[in-house]
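In what follows, a structure is listed as structure tokens, so that the remarks can point back to it.
2 protein chains.
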Amino acid sequence: MSHLVRTDTLGGALTIPRAVLATERSARAAWSALAEPEDPRVRDLIAEFGPIEGLLAGLSGRDSKHRIFIERAARTDLGEATAFAMRHGIHLLIPGDPEWPEGVDDLTVPPVCLWVKGDPDLSSLARRSVAIVGARMSTPYGNQVAASMAAGVVERGYAVVSGAAFGIDKSAHLGALSCGGRTVAVLAGGVDRAYPTAHAGLIAEIAETGSVMAECAPGWAPTRPRFLLRNRLIATMTAGTIVVEAGLRSGSLNTARSAARHCRPVGAVPGSVMSQVSAGCHGIVRDGLATLVCDAKDVLDLVGVMGVDAAPHQSDPVQPEDRLDPVDAIILAAVPRRGAASVDTVAFTAGQTVAEVMGALARLELGGFVSRHDGGWKRRRSSRREAPS
Amino acid sequence: MSHLVRTDTLGGALTIPRAVLATERSARAAWSALAEPEDPRVRDLIAEFGPIEGLLAGLSGRDSKHRIFIERAARTDLGEATAFAMRHGIHLLIPGDPEWPEGVDDLTVPPVCLWVKGDPDLSSLARRSVAIVGARMSTPYGNQVAASMAAGVVERGYAVVSGAAFGIDKSAHLGALSCGGRTVAVLAGGVDRAYPTAHAGLIAEIAETGSVMAECAPGWAPTRPRFLLRNRLIATMTAGTIVVEAGLRSGSLNTARSAARHCRPVGAVPGSVMSQVSAGCHGIVRDGLATLVCDAKDVLDLVGVMGVDAAPHQSDPVQPEDRLDPVDAIILAAVPRRGAASVDTVAFTAGQTVAEVMGALARLELGGFVSRHDGGWKRRRSSRREAPS
Chain A
1 MSHLVRTDTL GGALTIPRAV LATERSARAA WSALAEPEDP RVRDLIAEFG PIEGLLAGLS
61 GRDSKHRIFI ERAARTDLGE ATAFAMRHGI HLLIPGDPEW PEGVDDLTVP PVCLWVKGDP
121 DLSSLARRSV AIVGARMSTP YGNQVAASMA AGVVERGYAV VSGAAFGIDK SAHLGALSCG
181 GRTVAVLAGG VDRAYPTAHA GLIAEIAETG SVMAECAPGW APTRPRFLLR NRLIATMTAG
241 TIVVEAGLRS GSLNTARSAA RHCRPVGAVP GSVMSQVSAG CHGIVRDGLA TLVCDAKDVL
301 DLVGVMGVDA APHQSDPVQP EDRLDPVDAI ILAAVPRRGA ASVDTVAFTA GQTVAEVMGA
361 LARLELGGFV SRHDGGWKRR RSSRREAPS
Chain B
1001 MSHLVRTDTL GGALTIPRAV LATERSARAA WSALAEPEDP RVRDLIAEFG PIEGLLAGLS
1061 GRDSKHRIFI ERAARTDLGE ATAFAMRHGI HLLIPGDPEW PEGVDDLTVP PVCLWVKGDP
1121 DLSSLARRSV AIVGARMSTP YGNQVAASMA AGVVERGYAV VSGAAFGIDK SAHLGALSCG
1181 GRTVAVLAGG VDRAYPTAHA GLIAEIAETG SVMAECAPGW APTRPRFLLR NRLIATMTAG
1241 TIVVEAGLRS GSLNTARSAA RHCRPVGAVP GSVMSQVSAG CHGIVRDGLA TLVCDAKDVL
1301 DLVGVMGVDA APHQSDPVQP EDRLDPVDAI ILAAVPRRGA ASVDTVAFTA GQTVAEVMGA
1361 LARLELGGFV SRHDGGWKRR RSSRREAPS
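Just so you know, the sequences run in chain order A and B.
Just so you know, our numbering puts 43 at position 43 of the first sequence, and the rest follows in order with no gaps.
Just so we're on the same page, our numbering is the position in the second sequence counted from 1, plus 1000.
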């Protein structure tokens, strides 16, 4: 049932489950559970020996620079990531899979595999997708721009990729969801580690209609370096990156630079010159790294396929939700499908004022989109697939 | 006391005061009272005959295309503009005067003269000056940015030139005045016609510490075409033009285009993507006409003299070119030593945006590296072997 590897450096031996060495897929899953993203030693071992023999070589102790893998393997059940994924309906993609998002192969050290909750077809999602990212400490202005830009992008048939963080990321995901659009959350830890935890519901909803993906194995914690490494996936899997708000030291500028380095167009949204979180956007425009974008049309002009995306994408028959006012649509997206949420909770989730939410909920109730439930509000199931009137 | 001119077209005769024909100055003043700004017929007559004989030729009726001058002369006291100016302490500048702002000579049809209230030395005012212009229907945000940008610009020893209009213009003048800085109001009508009348006090204050100037003769009303013609003076007499807020059809975009056409750097201030009066600013940045500027430092980086206004002066035994900003150095390398290249050609060769190239050429000209030649740019021979200071 298992495979014994002599490890000279530890003076002992490691036990590797035989299933791990059975296929390239299981070996890559083990690599993902063993090494940090973007480890060039992993890339080199796989390039020289292939994923399976590379694993044996890396754990043989023949080369002292691979010692970290042995130490980690000694504390890790290398078959557990795959087993956990199977138990929890998590998909595993490896390079060459038809669902693999080709863009990430442009990286100097591409991921060894990707873990996906929800729709596993990252290839078709990513082919027509835009990254919309920005500051966690965003302003109401930034949130509104991110949401309406995301809504406009998905209306034109593009998916919105972001990082599920507070602020701009959240607004981008919500804007996409509000129009029934597809959105992808790229997590810094494992796909089972919803982070921030306050966004567990949002991340679960994204997985229902789009995808939640990660390079790290299930169970891995989102650490600071992993956030930066995660950003390079967002930057390269998409057709372009838009920064809505960013301070001068924002991590989203790191995403933008990564996109530019890999020849993806970068857009930045202007804002007040007095806003700290627009300073980063203005800076990358001034430096020539980014193009100014003010709305979804500008975004598509920047990233779209000439002559295909220039004209608005038609998606008849339109859903009832498509006809909603953009802010109502954002508020609708913040109303849960299961259980019920108070007006305050909906307002917090949607990033809108309580007064706006109360007005919107009244309109949405009349439209048949939401109903009162247990003193709160819930989404009406039928509102999603209702035939156009 | 007077000079009789036969005018065949009117079948009669005009009386021209002899004083009008006494000097180039008085003849140019008469031209200013006779013809609209930017009349190419006036330019051609002066080029062919000089201002005095040109006046006689234009009023002779020999050429039917000059008939408008005869009709106007029949209703105008051609000596009155000069007499009025003398009575009211209005200065008259003509090309070649040491106080003449050289920049306007780059115009296809430069002014025949300029009327000035306040400090007549427009040359020294304009040499280090920035135009700060924008929407009349500005927002509090735009007003605040215009005022603080103007204040920052005058604190760095630059004058602020604007059009004394409501909104951004007024805020720019006030920002300059608030720091005891110098500011120039360029009026569309005569300098005695404070317009808008609500700004009579502001315009009087500008004349006390700076200058109020006009191309039209005293008494002339500010009409719509004269506003557009006035804008070309603002654009060319200054080292660069900054648009703070502008709708998509704003007259200040006309100023910006005029500045760009004459190779002056153009800056635009970003703002909310939801603001109508930031749409024009965002548009000219996206089109590559303008560079994003957020504060006075950005403005000086754009228009300032390299090594004087931007970076501290280095006295190492390096070549002057070695001290250039890397992008400026790339742009300098794209300017030919023989013949002249247009801004577009330089931009193409250097792989930079037109806006960047215009900013760089302005800096390089001030640094003595390039010069204007036949409507284009060429490298100055001396710039290569100049001894370091």
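Glycine included, every Cβ here is placed at the ideal spot set by N, Cα and C.
Annotation for E1099 of chain B: L1093, P1120, D1121, L1122, S1123 place their beta carbon closer than 7 Å to its own, counting only its chain and skipping 5 residues before and after.
The beta carbon of L292 of chain A sits closer than 8 Å to some beta carbon of chain B. The three-state reading of DSSP puts M1213 of chain B in strand, counting E and B together.
Taking each of B:A1290, B:N1143, B:T1197, B:E1053 in turn and checking the Cα distance to V1357 of chain B, the smallest one comes out for B:A1290.
Judged by their CB atoms, N1254 of chain B and L1228 of chain B are nearer to each other than the 8 Å cut-off. Excluding five sequence positions before and after R43 of chain A, the CB atoms of its chain that fall closer than 6 Å to its own CB belong to V109, given in chain order. Using beta-carbon distances, P1270 of chain B counts as an interface residue toward chain A, with a partner under 8 Å. Put simply, the backbone Cα of L364 of chain A is about 25 Å away from that of G157 of chain A. Counting other Cβ atoms within 10 Å of its Cβ, D1328 of chain B reaches 16 or more and is therefore classed as buried. When C-beta distances to chain A are compared with 7 Å, every residue of the segment 1234–1261 of chain B stays at or above that value. In terms of beta-carbon proximity, H282 of chain A lines the interface with chain B, with at least one pair separated by less than 8 Å. Contacts between D1295 of chain B and chain A, judged by CB atoms closer than 9 Å, involve V273 in chain order. The criterion of a C-beta distance shorter than 8 Å is satisfied by L1021 of chain B and L1055 of chain B. Just so you know, the alpha carbons of Q276 of chain A and A29 of chain A end up roughly 41 Å apart.
In the three-state reduction of the DSSP assignment, S1148 of chain B falls in the helix class, which pools H, G and I.
By alpha-carbon distance to D1325 of chain B, the top candidate from B:R1338, B:S1342, B:G1367, B:V1285 is B:G1367. Our two residues, A200 of chain A and A194 of chain A, have alpha carbons roughly 5 Å apart in a direct line. C-alpha of C281 of chain A to C-alpha of E245 of chain A: approximately 6 Å in a straight line. Not a single C-beta of chain A is nearer than 8 Å to the C-beta of Y1158 of chain B. The C-alpha of A1235 of chain B is placed about 26 Å away from the C-alpha of A1027 of chain B. Less than 8 Å separates the beta-carbon of A1176 of chain B from that of V1154 of chain B.
Of all residues in the segment 1126–1155 of chain B, those with a C-beta nearer than 7 Å to a C-beta of chain A are Y1141, V1145, reading in chain order. The beta carbon of V116 of chain A does not come within 8 Å of any beta carbon belonging to chain B, so the residue lies off that interface.
Nearest CB-CB separation between V1343 of chain B and chain A: not below the 8 Å threshold.
Short of 6 Å from the beta carbon of R337 of chain A, and not among the five residues preceding or following it, lie these beta carbons of its own chain, in chain order: R379. Restricting attention to beta strand (DSSP E) runs no shorter than 3 residues, the segment 156–186 of chain A encloses them at 159–162, ordered along the chain. Rounded to whole angstroms, the gap between the alpha carbons of A256 of chain A and A1185 of chain B is 42 Å. No Cβ of chain A is located within less than 8 Å of the beta carbon of R1226 of chain B. With a 10 Å radius around the Cβ and a threshold of 16 neighbouring Cβ atoms, C294 of chain A comes out buried. Assignment of H262 of chain A by DSSP, reduced to helix, strand and coil, places it in the coil class. For the set B:L1078, B:S1371, B:G1096, the Cα lying nearest the Cα of A1217 of chain B is the one of B:L1078. For L1092 of chain B, the enclosing beta strand (DSSP E) has its first and last residue at 1091–1093. In this structure, A260 of chain A keeps its C-beta atom at 8 Å or more from the C-beta atom of V243 of chain A. Between V161 of chain A and T238 of chain A, the CB-CB gap stays under 8 Å. Annotated three-state conformation of V112 of chain A is coil, per DSSP. DSSP places L14 of chain A in the strand class (E or B) of the three-state scheme.
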